[in-house]
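Everything below concerns the one structure shown next.
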Amino acid sequence: MLLCDTAPADHQKCLRMKISQLDYSATNAFSSLVIDYLQQNSKLAPFYHRFPTPENLKEQLTEKQFTPEQRNLLCQELERQYASLSEVPAKVRKNLDLLQQPNTFTITTGHQLSLFTGPLYFIYKIISAIKTAEHLQEQYPAYNFVPIYWMATEDHDFAEINHFTLFGKPYAWETDQKGAVGRFKTDTIFSLIESLPENYPLFEQAYTKFDTLAAATRFLANELFGEFGLISIDADAPALKQALKPVITKELTEQTAYKLVTATNEKLATAGYKTQVTPREINLFYLDDNVRERLVREEDHYRVLNTNLTFSQEEILNLVETQPEKFSPNVILRPLYEEILLPNLCYIGGGAEIAYWFQLKDLFDYYQVSFPALMLRNSGLYIAKNHAARMQKLGLQPTDLFQDLPTLKKQVTAAYQDEELHLNEEKKQVEAAFAQVEKLAAAIDPTLTKTVAAEAQKAFNALTVLEKKIVKANDTKYETVYNQLTSLKDKLFPNGTLQERIDNLLTYQTNNPNFIQHVYEAFEPFAAKFTILEEE
Numbered sequence: 163m164l165l166c167d168t169a170p171a172d173h174q175k176c177l178r179m180k181i182s183q184l185d186y187s188a189t190n191a192f193s194s195l196v197i198d199y200l201q202q203n204s205k206l207a208p209f210y211h212r213f214p215t216p217e218n219l220k221e222q223l224t225e226k227q228f229t230p231e232q233r234n235l236l237c238q239e240l241e242r243q244y245a246s247l248s249e250v251p252a253k254v255r256k257n258l259d260l261l262q263q264p265n266t267f268t269i270t271t272g273h274q275l276s277l278f279t280g281p282l283y284f285i286y287k288i289i290s291a292i293k294t295a296e297h298l299q300e301q302y303p304a305y306n307f308v309p310i311y312w313m314a315t316e317d318h319d320f321a322e323i324n325h326f327t328l329f330g331k332p333y334a335w336e337t338d339q340k341g342a343v344g345r346f347k348t349d350t351i352f353s354l355i356e357s358l359p360e361n362y363p364l365f366e367q368a369y370t371k372f373d374t375l376a377a378a379t380r381f382l383a384n385e386l387f388g389e390f391g392l393i394s395i396d397a398d399a400p401a402l403k404q405a406l407k408p409v410i411t412k413e414l415t416e417q418t419a420y421k422l423v424t425a426t427n428e429k430l431a432t433a434g435y436k437t438q439v440t441p442r443e444i445n446l447f448y449l450d451d452n453v454r455e456r457l458v459r460e461e462d463h464y465r466v467l468n469t470n471l472t473f474s475q476e477e478i479l480n481l482v483e484t485q486p487e488k489f490s491p492n493v494i495l496r497p498l499y500e501e502i503l504l505p506n507l508c509y510i511g512g513g514a515e516i517a518y519w520f521q522l523k524d525l526f527d528y529y530q531v532s533f534p535a536l537m538l539r540n541s542g543l544y545i546a547k548n549h550a551a552r553m554q555k556l557g558l559q560p561t562d563l564f565q566d567l568p569t570l571k572k573q574v575t576a577a578y579q580d581e582e583l584h585l586n587e588e589k590k591q592v593e594a595a596f597a598q599v600e601k602l603a604a605a606i607d608p609t610l611t612k613t614v615a616a617e618a619q620k621a622f623n624a625l626t627v628l629e630k631k632i633v634k635a636n637d638t639k640y641e642t643v644y645n646q647l648t649s650l651k652d653k654l655f656p657n658g659t660l661q662e663r664i665d666n667l668l669t670y671q672t673n674n675p676n677f678i679q680h681v682y683e684a685f686e687p688f689a690a691k692f693t694i695l696e697e698e
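Here my numbering is used: the first residue of the sequence shown is 163, the next is one more, and so on.
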């Protein structure tokens, strides 16, 4: 497969790629729940609505209810957010306008505001959303489909996003800021940028010209994927939180989510699956500058953990009405918030995300919000040309690489592991030859038999020395091959896991400027297969 976006003469911009696909089950990297879902195991049927096929998504769009008021709210806020960008790509501008039309729907993925985009799966999620929207657009031209990146700006787990791995070396941003990470000031990232092995102007521009992590991430997503029409949304906005007020009120007064999700968890456990997240009695955080802390109910009042803030029921319900932006949904309520705000048909996520969405079906039903189709994002293994050459030299196929190292070791080094390696047959032949010589010598002069025997012993000893040298050379070659195999496995599966969970975009884009374009060309979301890209 030749992947180009410019003249073929430019090798950097035109690489020949070999694309292959593999069943997710064959990778040994995904949970039984994910594999069962992809195989549409009937045990999971009660926990989702529709499996993500083009035909099912056509049914989904006829079911999705989204009022003109909801569209106006969404579009007005997106216009406000995109006003911070000096340039909005034409396709993004078109999609912003299309969202105002009643026949426009979204395909959404979400992710944390990972530093420098974090691991590769951030890129893979977004490409999966883009390709899904494009496929549906081709199949159903009477409708419009817009890819959305839901930025997890309200997340407060900074330790999960403050680092990335570039060419095998970790880099981290240290700051004492607290609260929602989207509000973090970026003015302390410059020392990290200076420590990088080379200059990365796009990322430097993002973190030095935009004062918050949310704004910097929106800029990066726009620069990397604007040509595909991707729209990023920051739900940490007072206007958008207005739409969540009924849910916030019920959560505070009735603990609805806790009851429904707990019951679903029990059903999942009975079906043989582990649950991904545990509901709280109140699945909300109190949100303010430098603060995102859990809300708990204690007797007749509400308390914000790790602060001195307390509210009576009357006070907190008044706060919901006047300042709903002070409330932040946790992982249980965030998907519901997303589906209330967006005319969404399909959510695209990793295995862990798909697993916790399965815990929420009854919660969606309770609030009469359409449950989206759930699609596993594309996963991939990118094999650079030097690694492909090493793989071929070792006699391996890309699919072989997903075996564990001991199994691979046996496969690759089988030719060098002959425990019976010896020169016994050759020694027998030499012994037989000298026996004939001795017989001939004895017939002529019996005194020569000792000389023949001495020479026979010398020959035997020489063969023994050669035998030891051959065995030693074989062992050396065996160790060399094993070391090459171990190195290849470590490069392609850092820390023993998929490269997409560790390596950063820049590890690959530095040597292949069109890495994103190549992945975009290779991924087929509806195929539900693991993709292998091999440079030729």
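Glycine included, each C-beta is placed from N, C-alpha and C at the ideal position.
Problem - Buried/exposed call for N666, threshold 16 Cβ in 10 Å - result: Here the question's residue 666 lines up with position 504 in the sequence shown. With 16 or more Cβ atoms within 10 Å of its Cβ, N666 is classed as buried.
Exercise for the section: Please state if the CB of F390 and the CB of I292 are separated by a distance shorter than 7 Å. Expected result: In the sequence shown, the residue the question calls residue 292 occupies position 130. In the sequence shown, the residue the question calls residue 390 occupies position 228. Yes.
Practice task
Tell me the start and end of each unbroken beta strand (DSSP E) in the region 542-569 that is at least 3 residues and wholly inside, in chain order.
Solution key: Counting whole runs of 3 or more residues, the region 542-569 contains the beta strand (DSSP E) stretches 542-545.
Problem - Option in L695, Q679, N452 and E617 with minimal Cα separation from F320 - result: Stepping through the sequence shown from its first residue, residue 320 is reached at position 158. Of the candidates L695, Q679, N452 and E617, the one whose C-alpha sits nearest the C-alpha of F320 is N452.
Handout entry: 8 Å contact criterion, which Q661 and L668 should meet: CB distance rounded
Key = Locating residue 661 in the sequence shown gives position 499, where the first residue counts as 1. Locating residue 668 in the sequence shown gives position 506, where the first residue counts as 1. The Cβ separation is near 13 Å, so there is no contact.
Exercise for the section: State the Cα-Cα distance for the pair C237 and L258, rounded to the nearest angstrom. Expected result: Taking the sequence shown and counting its residues from 1, one reaches residue 237 at position 75. Taking the sequence shown and counting its residues from 1, one reaches residue 258 at position 96. Distance between the alpha carbons of C237 and L258 is about 7 Å.
Exercise for the section: Identify, in the order they occur along the chain, each residue of the same chain with its Cβ nearer than 7 Å to the Cβ of L503, setting aside the five sequence neighbours on each side. Expected result: By 1-based counting over the sequence shown, the position of residue 503 is 341. So the list reads L236, A397, L402 and A405, once near-sequence residues are dropped.
Practice task
Would you check if the region 478-495 and the region 443-458 touch, i.e. whether three or more CB-CB distances between them fall below 8 Å?
Solution key: yes
Exercise for the section: Return the chain-ordered list of same chain residues with a C-beta closer than 8 Å to the C-beta of N468, the five sequence neighbours on each side being excluded. Expected result: Here residue 468 refers to the residue found at position 306 of the sequence shown. Here the set comprises E455.
Exercise for the section: Compare the beta carbon distance of C408 and E487 with 7 Å and say whether it is the shorter of the two. Expected result: One-based indexing of the sequence shown puts residue 408 at position 246. One-based indexing of the sequence shown puts residue 487 at position 325. Inspection of the sequence shows that residue 408 is occupied by Pro rather than by Cys. In this structure, E487 does not lie closer than 7 Å to P408 by Cβ.
Exercise for the section: Would you list the one or two residues that DSSP bridges to I664? Expected result: For the purposes of this step, residue 664 is taken as the residue at position 502 of the sequence shown. Paired residues: none, contrary to the question.
Problem - Beta carbon of T575 nearer than 7 Å to that of Q183 - result: Along the sequence shown, read from residue 1 onward, the residue named residue 575 stands at position 413. Along the sequence shown, read from residue 1 onward, the residue named residue 183 stands at position 21. Cβ atoms of T575 and Q183: not closer than 7 Å.
Exercise for the section: Using three-state DSSP, classify T229 as helix, strand or coil. Expected result: Numbered from 1 along the sequence shown, position 67 holds the residue referred to as residue 229. Coil, per DSSP.
Handout entry: Where the alpha helix (DSSP H) containing K287 begins and where it ends
Key = Along the sequence shown, read from residue 1 onward, the residue named residue 287 stands at position 125. Y283 to Q301 is the span of the alpha helix (DSSP H), which, as asked, contains K287.
Exercise for the section: Please name the residue in L219, A684 and L538 whose C-alpha comes closest to that of R178. Expected result: As a working note, residue 178 is residue 16 in the sequence shown. The shortest C-alpha separation from R178 is found at A684.
Problem - First through last residue of the alpha helix (DSSP H) which encompasses I494 - result: Here residue 494 corresponds to residue number 332 of the sequence shown, with the count starting at 1. Premise fails: I494 is in no alpha helix (DSSP H) and is neither H nor E.
Practice task
For K412, collect the residues of the same chain with a Cβ closer than 6 Å to its Cβ; drop the 5 residues on either side in sequence, then sort them by chain order.
Solution key: By one-based count along the sequence shown, residue 412 stands at place 250. So the list reads T418, once near-sequence residues are dropped.
Problem - For H463, the residue or residues it bridges with in DSSP - result: The residue you call residue 463 lines up with position 301 of the sequence shown. Residue pairing by DSSP puts H463 in a beta bridge opposite E460 and S474.
Handout entry: The beta strand (DSSP E) enclosing V308, as first and last residue numbers
Key = Within the sequence shown, numbered from 1, the residue matching residue 308 stands at position 146. V308 -> beta strand (DSSP E) spans N306 to M313.
Practice task
From the DSSP output, in three-state form, read off Q238 for me.
Solution key: For the purposes of this step, residue 238 is taken as residue 76 along the sequence shown, with counting starting at 1. Q238: helix per DSSP, three-state reduction.
Handout entry: Exposure label - K436; buried when at least 16 CB within 10 Å
Key = By one-based count along the sequence shown, residue 436 stands at place 274. K436 should be labelled exposed.
Exercise for the section: Check whether the Cβ of E698 lies closer than 7 Å to any Cβ atom in chain B. Expected result: Although the question refers to chain B, the structure presented lacks it and comprises just one protein chain.
Problem - Distance, G341 Cα to N361 Cα - result: As a position in the sequence shown, residue 361 is number 199, starting the count at 1. As a position in the sequence shown, residue 341 is number 179, starting the count at 1. Between N361 and G341, the C-alpha separation is close to 30 Å.
Problem - Neighbourhood of D172 by C-beta distance below 7 Å, restricted to the same chain and skipping five residues each side - result: Residue mapping note: residue 172 aligns to position 10 of the sequence shown, counting from 1. For D172, the predicted structure reports a pLDDT of 46, less than 50, and the residue's modelled location is therefore unreliable. The matter cannot be settled from this model.
Handout entry: 6 Å Cβ shell around L164 - same chain, five flanking residues per side excluded
Key = Counting from 1 along the sequence shown, the entry for residue 164 is found at position 2. For L164, the pLDDT reaches just 41, beneath the cut-off of 50, and the residue's location in the model is therefore unreliable, although a value from the coordinates is still provided. For L164, where only same-chain residues beyond five positions count, the Cβ hits under 6 Å are R178.
Exercise for the section: Put K347 into one of helix, strand or coil per three-state DSSP. Expected result: Here residue 347 refers to the residue found at position 185 when the sequence shown is read from its first residue. Strand.
Exercise for the section: Assign F520 to one of three DSSP states: helix, strand, or coil. Expected result: One-based indexing of the sequence shown puts residue 520 at position 358. In the structure shown, F520 sits in coil (DSSP, three-state: anything other than H, G, I, E or B).
Handout entry: Local conformation of Y333 per DSSP, three classes
Key = As a working mapping, residue 333 is identified with position 171 in the sequence shown. Strand, per DSSP.
Exercise for the section: Would you grab the beta carbon distance between T270 and I510 for me? Rounded to a whole angstrom, and I think it's under 8 Å. Expected result: For the purposes of this step, residue 270 is taken as the residue at position 108 of the sequence shown. For the purposes of this step, residue 510 is taken as the residue at position 348 of the sequence shown. T270 to I510, Cβ: 7 Å. Contact.
Exercise for the section: Apply the 10 Å Cβ neighbour rule to N265 and answer buried if 16 or more other Cβ atoms are within range, or exposed otherwise. Expected result: Translated into the one-based positions of the sequence shown, residue 265 becomes position 103. By the neighbour-count rule (16 or more Cβ atoms within 10 Å), N265 is not buried but exposed.
Problem - V627 burial status per 10 Å Cβ neighbour count (16 or more: buried) - result: Stepping through the sequence shown from its first residue, residue 627 is reached at position 465. By the 10 Å Cβ count, V627 comes out exposed.
Handout entry: Cβ neighbours of I410 in the same chain (closer than 7 Å, five flanking residues each side left out)
Key = The residue labelled residue 410 in the question sits at position 248 within the sequence shown. If we look at I410 and ignore the five residues flanking it on each side, its Cβ neighbours are L446, V482, P486 and F489.
Exercise for the section: Note down, in chain order, each residue of its chain lying with its Cβ closer than 6 Å to the Cβ of E686, except the 5 sequence neighbours on either side. Expected result: In the sequence shown, counting from the first residue as 1, residue 686 sits at position 524. For E686, where only same-chain residues beyond five positions count, there are no Cβ hits under 6 Å.
Problem - F228, buried or exposed, once every other Cβ within 10 Å from all chains shown has been counted against 16 - result: Sequence index remark: in the sequence shown, residue 228 carries index 66 (1-based). Buried.
Exercise for the section: Return yes when the Cβ of Y311 is within less than 7 Å of the Cβ of A383, no when it is not. Expected result: Locating residue 383 in the sequence shown gives position 221, counting from the first residue. Locating residue 311 in the sequence shown gives position 149, counting from the first residue. Yes. Within cutoff.
Problem - 7 Å Cβ cutoff met for E698 and K180 - result: Taking the first residue of the sequence shown as 1, we reach residue 698 at position 536. Taking the first residue of the sequence shown as 1, we reach residue 180 at position 18. In contact: E698 and K180 (Cβ atoms closer than 7 Å).
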